[in-house]
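K.L.:
Numbering (this note's numbering), first residue to last: 207 to 270. Backbone N, C-alpha and C fix where the C-beta goes; we use that ideal spot for every residue, glycine too. Sharing a structure, written as structure tokens. Questions coming.
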Amino acid sequence: MFNEREGNQIKTIYRAVTLGTIWQFLKLEGQLVSIDLSEYYIRDIKKILGILSLAIQNFRNPVF
Numbered sequence: 207m208f209n210e211r212e213g214n215q216i217k218t219i220y221r222a223v224t225l226g227t228i229w230q231f232l233k234l235e236g237q238l239v240s241i242d243l244s245e246y247y248i249r250d251i252k253k254i255l256g257i258l259s260l261a262i263q264n265f266r267n268p269v270f
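Have a look at this one:
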């Protein structure tokens, strides 16, 4: 609602859910939710950081 009022159009929203040692990710594009059903364990920290980094890169340089 805030972004709509401010005229900021956000096409994609990324989310992470964690219990601390297990991570899962999802992406919302318009009305479509994509859920990564994989569970990423903290021992795979490089993979987790890679996924988070990709979401940040897409935020900074959106693909239109």
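Looking at the secondary structure, which residues open and close the alpha helix (DSSP H) in which Arg266 lies?
P.N.:
The sequence position of residue 266 within the sequence shown is 60, counting from 1. Start and end: 251-266.
K.L.:
Along the chain, where does the beta strand (DSSP E) containing Lys233 start, and where does it finish?
P.N.:
As a working note, residue 233 is residue 27 in the sequence shown. Where Lys233 is concerned, the enclosing beta strand (DSSP E) stretches over 228-235.
K.L.:
With burial defined as no fewer than 16 other Cβ atoms inside 10 Å of the residue's Cβ, what is the status of Tyr246: buried or exposed?
P.N.:
Translated into the one-based positions of the sequence shown, residue 246 becomes position 40. Buried, since its Cβ has 16 or more Cβ neighbours within 10 Å.
K.L.:
Since Leu258 and Asp242 should fall inside the 8 Å C-beta cutoff, what is the C-beta to C-beta distance between them, to a whole number of angstroms?
P.N.:
As a working mapping, residue 258 is identified with position 52 in the sequence shown. As a working mapping, residue 242 is identified with position 36 in the sequence shown. Not confirmed; about 12 Å, so no contact.
K.L.:
Quick one: Cα of Thr224 to Cα of Gln237, how far?
P.N.:
Here residue 224 is taken as the residue at index 18 of the sequence shown, counted from 1. Here residue 237 is taken as the residue at index 31 of the sequence shown, counted from 1. The alpha-carbon atoms of Thr224 and Gln237 are separated by roughly 23 Å.
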